[in-house]
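**Q** Quick note, the sequences are listed as chains U and Y, same order. Throughout, my numbering is defined as the position within the first sequence, counted from one, plus 30. Throughout, my numbering is defined as the position within the second sequence, counted from one, plus 1. We treat Cβ as the ideally placed atom computed from N, Cα and C, and that holds for glycine.
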Amino acid sequence: SQQGEEDPQALSIQEGENATMNCSYKTSINNLQWYRQNSGRGLVHLILIRSNEREKHSGRLRVTLDTSKKSSSLLITASRAADTASYFCATDGGANSKLTFGKGITLSVRP
Amino acid sequence: DAGVTQSPTHLIKTRGQHVTLRCSPISGHKSVSWYQQVLGQGPQFIFQYYEKEERGRGNFPDRFSARQFPNYSSELNVNALLLGDSALYLCASSLGSFTGELFFGEGSRLTVL
Chain U
31 SQQGEEDPQA
41 LSIQEGENAT
51 MNCSYKTSIN
61 NLQWYRQNSG
71 RGLVHLILIR
81 SNEREKHSGR
91 LRVTLDTSKK
101 SSSLLITASR
111 AADTASYFCA
121 TDGGANSKLT
131 FGKGITLSVR
141 P
Chain Y
2 DAGVTQSPTH
12 LIKTRGQHVT
22 LRCSPISGHK
32 SVSWYQQVLG
42 QGPQFIFQYY
52 EKEERGRGNF
62 PDRFSARQFP
72 NYSSELNVNA
82 LLLGDSALYL
92 CASSLGSFTG
102 ELFFGEGSRL
112 TVL
């Protein structure tokens, strides 16, 4: 079953604009992660935020976490055509390496 | 350093056959997890192995099995294939058994006819 639900399902923006993607989840978590996937290939880890953190930055990425609302957002600033991909949030609530993924957001960045 | 490697990259099987997918983790990583990704969906957890022991199992039928070898590589086996088993099978490795960053391979795309 999918725990996280991303919003919107698809996003199309112009190069240079910012892209904001949202994720909601249902149960308590240890951490929340965002991954990127290009054209049905392997997933690449972008950023991890722990349940006791509220905001984290990595390069052009900014992720926030609101555990009271069970939601997270991923902001990609100054987007590039190479950012075109599917983005997934994944939550960890257990004592093993099981991640529960959402259905993903398809981001298209037009040059 | 080599990343997570999976083989084969693509394969086609017919209903009722069985399939074995292989995964080599990043050197030094002792945990391997398997995920199934159906087209248009997010990955679904199948198994996790750590130090050759099963540490977690997702909601998949007994037709799915896996094992981890002393060198930490892993195999995923699926018996009595169904059309619905068509998917991208992803292997991920990590240092420990608790969830942090997962390093994914490029996947094995299985088509069942």
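Would you mind working out which of U:139, U:140, U:137, U:132 sits nearest residue 39 (chain Y), comparing C-alpha positions?
**A** Numbered from its first residue, the second sequence carries residue 39 (chain Y) at position 38. The option with the nearest alpha carbon to residue 39 (chain Y) is U:132.
**Q** What is the rounded straight-line gap between the Cα of residue 129 (chain U) and the Cα of residue 77 (chain U)?
**A** Along the first sequence, one-based indexing puts residue 129 (chain U) at 99. Along the first sequence, one-based indexing puts residue 77 (chain U) at 47. Taking C-alpha positions only, residue 129 (chain U) is separated from residue 77 (chain U) by approximately 14 Å.
**Q** Give me the chain U residues within the contact set of residue 61 (chain Y), using Cβ-Cβ distance strictly less than 7 Å, ordered along the chain.
**A** The residue given as residue 61 (chain Y) occupies position 60 in the second sequence. Those do not exist, as residue 61 (chain Y) stays about 12 Å from chain U at its closest Cβ, beyond 7 Å.
**Q** I'd like to know if the segment 51-67 of chain U and the segment 14-26 of chain Y are in contact, where contact means that at least 3 CB-CB pairs between them fall below 8 Å.
**A** no
**Q** Compile a chain-ordered list of the residues in the segment 71-91 of chain U whose CB is closer than 8 Å to at least one CB of chain Y.
**A** 71, 72, 73, 74, 75, 78
**Q** Along the beta strand (DSSP E) that carries residue 122 (chain U), what are the first and last residues, could you check?
**A** Taking the first residue of the first sequence as 1, we reach residue 122 (chain U) at position 92. Its beta strand (DSSP E) spans residues 115-122.
**Q** Can you list, in chain order, the residues of its chain whose CB lies under 6 Å from that of residue 44 (chain Y), leaving out five sequence neighbours each side?
**A** Locating residue 44 (chain Y) in the second sequence gives position 43, where the first residue counts as 1. Result list for residue 44 (chain Y): 36, 38, 91, in chain order.
**Q** Does residue 129 (chain U) have its Cβ less than 8 Å from a Cβ in chain Y?
**A** Within the first sequence, numbered from 1, the residue matching residue 129 (chain U) stands at position 99. Yes, residue 129 (chain U) lies at the interface with chain Y (some Cβ there is under 8 Å from its Cβ).
**Q** On the premise that residue 72 (chain U) lies in contact with residue 106 (chain Y), defined as a C-beta separation below 8 Å, what is that separation, rounded to the nearest angstrom?
**A** Here residue 106 (chain Y) corresponds to residue number 105 of the second sequence, with the count starting at 1. Here residue 72 (chain U) corresponds to residue number 42 of the first sequence, with the count starting at 1. The Cβ separation is near 5 Å, so the contact holds.
**Q** In three-state terms, what does DSSP make of residue 31 (chain U)?
**A** Start at 1 with the first residue of the first sequence, and residue 31 (chain U) comes out as number 1. For residue 31 (chain U), the predicted model reports a pLDDT of 47, less than 50, meaning its position is unreliable; a value from the coordinates is still stated below. DSSP places residue 31 (chain U) in coil when its eight states are reduced to three.
**Q** Measuring only the C-alpha atoms, how far is residue 119 (chain Y) from residue 22 (chain Y)?
**A** Any property of residue 119 (chain Y) remains undetermined from this structure, which presents chain Y solely from 2 to 114.
**Q** Where does residue 56 (chain Y) land, buried or exposed, given buried means 16+ other C-beta within 10 angstroms?
**A** What you label residue 56 (chain Y) is simply residue 55 of the second sequence in a count that begins at 1. It counts as buried.
**Q** Looking only at its own chain, which residues have a Cβ that is under 7 Å from the Cβ of residue 87 (chain Y), when we skip the five neighbours before and after it?
**A** By one-based count along the second sequence, residue 87 (chain Y) stands at place 86. Closer than 7 Å at the Cβ level, and outside the excluded window around residue 87 (chain Y), lie 111, 112, 113.
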